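Residue numbers (the UniProt record's numbering): 1 to 513.
All residues carry an ideal CB built from backbone N, CA and C; glycine is no exception.
Here the structure is a predicted model, which means the values were calculated and not measured.
What follows is a single structure, written as structure tokens, with notes after it.
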């Protein structure tokens with residue numbers, strides 16, 4: 001099961017069905033994102049698609065020599081745009097593909113608008129999701145309720161098991177995971193595989209926005225699940241290979257700063273390996289933010305809260321960090337949230353004292369209210385399982401990376417609850433009382449193809465868990481999806497910043513298909 005391949009095959013079929021000749025790809029805002037994460041512009045150009053336009057653009061020229069391939073979500077706005085387009089067609093012929101189901105009445109309305117008979121084909125291609133990685137998808141689309149269409153895209157008829165109660169799944173503890181893809185999303189933000197670097201100090205014009213796609217970036221594909229330190233050493237090795245070809249100009253490459261200087265001083269290297277220069281910039285900015293926000297120390301305490309059961313040590317470390325003037329408001333609130341969840345019913349809880357510490361630190365009332373809200377959202381009253389599994393109570397381990405200064409491998413011992421849940425499912429031990437079947441069906445044999453969908457959103461740490469299970473369990477294929485891919489800023493918990501809006505319908509719930 002490969003969600004990236006499923007979307008690519010749909011797009012290829014659209015283009016091939018239109019036959020030979022020059023083409024324009026007509027999309028909306030959402031389908032532009034769907035296409036851009038699986039295909040580069042150069043790849044589509046090779047298929048005779050020479051123009052890319054938005055259906056809502058008012059400034060398109062008449063180009064009767066082009067065939068139009070329309071890939072659109074069947075929204076009321078898009079149908080109206082299509083009606084206007086067909087009444088005054090700008091292209092010679094139209095091949096129309098909707099990303100999910102369109103009603104018969106809307107098809108009839110489009111047919112009535114096609115007075116010049118320019119429509120050659122209308123089909124439904126069920127690609128209404130963002131294929132982030134081959135095994136990870138997101139419904140990060142306005143008004144999307146399209147997990148059903150993923151099943152159609154993968155040609156699967158599943159038996160469905162759903163989570164009987166809401167579960168926190170340690171989303172707060174998963175916020176800063178020290179792997180490349182997860183760190184990029186948490187600290188810089190990944191939006192449909194694009195990163196906005198325009199605010200990075202001294203950034204060059206060509207790197208203000210970069211694309212990180214495992215489908216089209218070999219370095220990223222090979223490194224997205226590696227630890228932060230390993231990324232640094234892999235970039236360093238590439239640069240050292242280049243230096244071997246120019247022994248007279250050899251310079252030290254001991255730190256992220258050294259590598260950035262190397263890229264700036266060698267235009268030949270930058271031209272030869274633009275992909276690596278992009279990653280040098282990204283890793284450099286990650287390194288700066290880790291240092292500025294003291295995330296090594298913060299993450300150590302977060303992992304202690306998530307994985308250990310030592311209240312005395314936890315309260316001392318949380319209090320010590322809160323008194324650090326360099327600790328950001330976001331990190332301070334997240335630490336107190338974790339403490340509140342972990343020691344919600346502890347007889348010696350110091351939560352009131354920590355709340356006072358947040359107030360003295362100048363944390364806004366709006367953010368302080370998030371602590372109580374997270375307990376209401378994912379506390380013991382609503383959890384269907386233990387937040388801290390017994391097997392997680394292990395000693396924190398620091399693994400210092402010694403080959404490159406400024407980057408360390410740290411804190412990757414935590415596994416999300418999804419790992420244990422999938423392990424039980426694969427072994428046939430997942431309790432029906434927690435994950436009942438939808439309808440009378442029951443699965444006698446162990447599942448081979450598993451689709452996990454998390455209402456409320458998934459995380460990149462959960463994606464890493466799925467990736468590792470796919471690698472280590474022969475005969476089992478797992479795909480993970482969610483209504484969004486979260487970091488701290490995009491968590492549904494942050495809706496509280498706009499008021500008390502944490503409703504039960506946004507609590508993370510899980511279904512297996």
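About 7 Å separates the beta carbons of residue 74 and residue 101, which is inside the 8 Å limit, making them a contact pair. Rounded to whole angstroms, the Cβ separation of residue 285 and residue 188 is 7 Å, and the two are in contact under 8 Å.
For residue 25, the enclosing beta strand (DSSP E) begins and ends at 23 to 27. Inclusion of residue 335 and residue 318 in the CB contact set at 7 Å is warranted, their separation being smaller than that value. For residue 481, the pairing in a beta bridge is given by DSSP as 137 and 453.
Between the stretch 85 to 103 and the stretch 57 to 76, the count of C-beta pairs closer than 8 Å reaches three or more; the two stretches touch. Going by beta carbons, residue 130 and residue 180 fall outside the 7 Å limit. For the options 206, 25, 304 and 333, the alpha carbon positioned closest to that of residue 48 is the one of 25. Annotated three-state conformation of residue 118 is coil, per DSSP.
Within the same chain, Cβ atoms closer than 8 Å to the Cβ of residue 304 are found at 310, 313, 314, 317 and 396, the five residues on either side in sequence being excluded. Between residue 66 and residue 91, the gap from beta carbon to beta carbon is short of 7 Å. Just measuring C-alpha positions, the residue of 320, 280, 275 and 276 sitting nearest residue 297 is 320. Across the structure, residue 223 and residue 276 are spaced so that their CA atoms are roughly 12 Å apart. In the structure shown, the three-state DSSP call for residue 331 is helix. Annotated three-state conformation of residue 310 is coil, per DSSP.
The beta carbon of residue 354 is closer than 6 Å to those of 336 in its chain, skipping five residues each way along the sequence. Contact between residue 120 and residue 93 is confirmed by a C-beta separation of about 5 Å, below the 8 Å threshold. With contacts defined by Cβ atoms closer than 7 Å, residue 417 and residue 424 do not form a contacting pair. The continuous stretches of alpha helix (DSSP H) do not include residue 97, which lies in the beta strand (DSSP E) extending over residues 93 to 98. Put simply, the backbone Cα of residue 44 is about 9 Å away from that of residue 12. Here the alpha carbons of residue 346 and residue 293 stand approximately 30 Å from one another.
Distance from the CA of residue 463 to the CA of residue 329, rounded to the nearest whole angstrom, comes to 28 Å. In its chain, beyond the 5 residues on either side, 135, 476, 477 and 478 have a beta carbon closer than 8 Å to the beta carbon of residue 470. The Cβ atoms of residue 340 and residue 327 do not sit closer than 7 Å to each other. The shortest CA-to-CA distance from residue 1 to any of 31, 206, 452 and 459 is the one to 452.
Residue pairing by DSSP places residue 123 opposite 97 in a beta bridge. Rounded to whole angstroms, the gap between the alpha carbons of residue 87 and residue 109 is 12 Å.
By the beta-carbon neighbour count (other beta carbons within 10 angstroms, threshold 16), residue 196 is exposed. The C-alpha of residue 111 lies about 42 Å from the C-alpha of residue 437. A Cβ-Cβ distance of about 7 Å is found for the pair residue 132 and residue 37, placing them in contact under the 8 Å criterion. Taking residue 428 as the centre and dropping the five residues before and after it, the same chain places the C-beta of 446 closer than 6 Å to its C-beta, in chain order.
Membership of residue 72 in any alpha helix (DSSP H) is not indicated; the residue belongs instead to the beta strand (DSSP E) covering 67 to 72.
Counting only the Cα atoms, residue 323 lies some 14 Å from residue 301. In this structure residue 426 is not in contact with residue 460, their Cβ atoms being roughly 21 Å apart against a cut-off of 8 Å. Residue 192 has its alpha-carbon roughly 21 Å from the corresponding atom of residue 280. Secondary structure of residue 192 (DSSP, three-state): coil.
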